[in-house]
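The opening position of the sequence shown corresponds to residue 1 in full-length UniProt numbering, with each subsequent residue numbered one higher.
The C-beta atom is built at its ideal place from N, Cα and C for all residues, glycine as well.
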Amino acid sequence: MGDLAYGRGVRQEPGMGPTNRPQTDFPVPAPLKSHGPARIIALCNQKGGVGKTTTTINLGATLAEYGRRVLAIDFDPQGALSAGLGVQTHDVPTIYDLLLSRSAKPADAIQKTRVPGLDVIPANIDLSAAEVHLVNEVAREQILASVLRKVSDDYDVILIDCQPSLGLLTVNALTASHGVLIPLECEFFALRGVALLIETIDKVRDRLNPAIELDGILATMYDSRTLHSREVLDRVVEAFGDKVLETVIGRTVKFPDASVAGAPITQFAPEHAAARAYRQLARELVSRGAVA
Ligand SMILES: Nc1ncnc2c1ncn2[C@@H]1O[C@H](COP(=O)(O)OP(=O)(O)OP(=O)(O)O)[C@@H](O)[C@H]1O
Ligand SMILES: [Mg+2]
């Protein structure tokens, strides 16, 4: 049964057991001969605590392991992404400065992380004032898109870690993106609010960004010890079919531990099943064409 969970021949770990998802061995992606322009992906769900930030950090780190140049954008005033990657958020230029001032240079706000190939633009609590300031701007939904255009050529993928809301910042993220990845926690209320999220994506497609695609729905915090987790996952698959990614992220305390350490799980516990699950996610997204 263990091979159903996290790739063939992978040992089953406590709390990281089998799902009833198909399990393709996605190939290790070939190195890229040249880099950029980036495909931009928003990690979005207005429900809090579903794994948006954890996925941004660990997908960013695993794509970087596979030689992709990755830029992660902290788009949440809580700054959890910045903290999880161990970068400065005070007395440095942040995404807020780039949104508010057309003369601010994105290059000045980009920080390297301890993962080679993974850079970040940080955020701090200042960003909570951005919605109010942007409301009266011309083309207020397109401001992040115009910021990211300036750095897109230097990266293969840009991941935007959205805050848990469907407000103007999230609409900016969706307007700037080629794709959306929706993390869903495998618990009872997982599907609540997803219809509204899909509706928001549809509106953005109609009015602002005709090219935006739903890249996938990622089941997170799957707990094999509960029948409940499996039932929720079944329901999600029933609702979204092949939009649900094969890769499923198990529930493990290694994630909070890694956040405290300010490192992706791939560095904190490189051989842990959860690190392998995020490598598989990176390979699956490359196989699906969501990432170069
Ligand atoms: N697979 C997992 N197993 C166990 N804990 C997890 C897992 N993924 C994330 N967590 C933990 O759950 C909490 C919420 O995760 P995370 O911050 O990634 O969610 P989020 O969707 O970004 O939340 P918010 O909406 O507040 O921004 C964090 O403490 C994180 O360490
Ligand atoms: Mg978050």
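- Asp215 has its Cβ no nearer than 8 Å to any heavy atom of ligand 2.
- The straight-line gap separating the alpha-carbon atoms of Asn136 and Phe268 is approximately 44 Å.
- Relative to ligand 2, the nearest heavy atom lies less than 8 Å away from the CB of Lys52.
- Glu187 and Cys162 have their C-alpha atoms roughly 21 Å apart.
- At a threshold of 8 Å, Gly167 does not count as near ligand 1, since its beta carbon sits no closer than that to any of the ligand's heavy atoms.
- If you check the CB distance, Leu127 and Thr94 come in under 9 Å.
- The DSSP assignment places 95 to 100 and 106 to 109 as complete runs of the alpha helix (DSSP H) inside the region 84 to 127, in order along the chain (cut-off: 4 residues).
- Spanning the alpha carbons of Arg69 and Tyr155 requires a straight line of approximately 5 Å.
- The region 97 to 105 makes no contact with the region 184 to 204; the number of CB pairs closer than 8 Å stays below 3.
- Cβ atoms of Arg279 and Thr62 come within 8 Å of each other, at about 5 Å.
- Of the candidates Ala129, Asp91, Lys203 and Thr170, Asp91 places its Cα closest to the Cα of Gln111.
- Asp74 has Asp161 as its beta-bridge partners, per DSSP.
- Collapsing the DSSP output to three states places Ile212 in coil.
- Boundaries of the alpha helix (DSSP H) around Arg276: Ala273 to Ser287.
- Under the DSSP assignment, Leu174 falls in the alpha helix (DSSP H) whose first and last residues are Leu168 to Ala176.
- Residue environment for Leu118: buried (at least 16 other C-beta atoms within 10 angstroms of its C-beta).
- Cα atoms of Phe255 and Ile265: separation of roughly 7 Å, rounded to the nearest angstrom.
- Glu131 and Asp74 have their C-alpha atoms spaced approximately 15 Å apart.
- In the DSSP assignment, Val232 falls within the alpha helix (DSSP H) that extends over Leu227 to Phe240.
- Distance check between Leu169 and each of Ala129, Ala195, Asp25 and Leu81 places Ala129 closest, using alpha-carbon atoms only.
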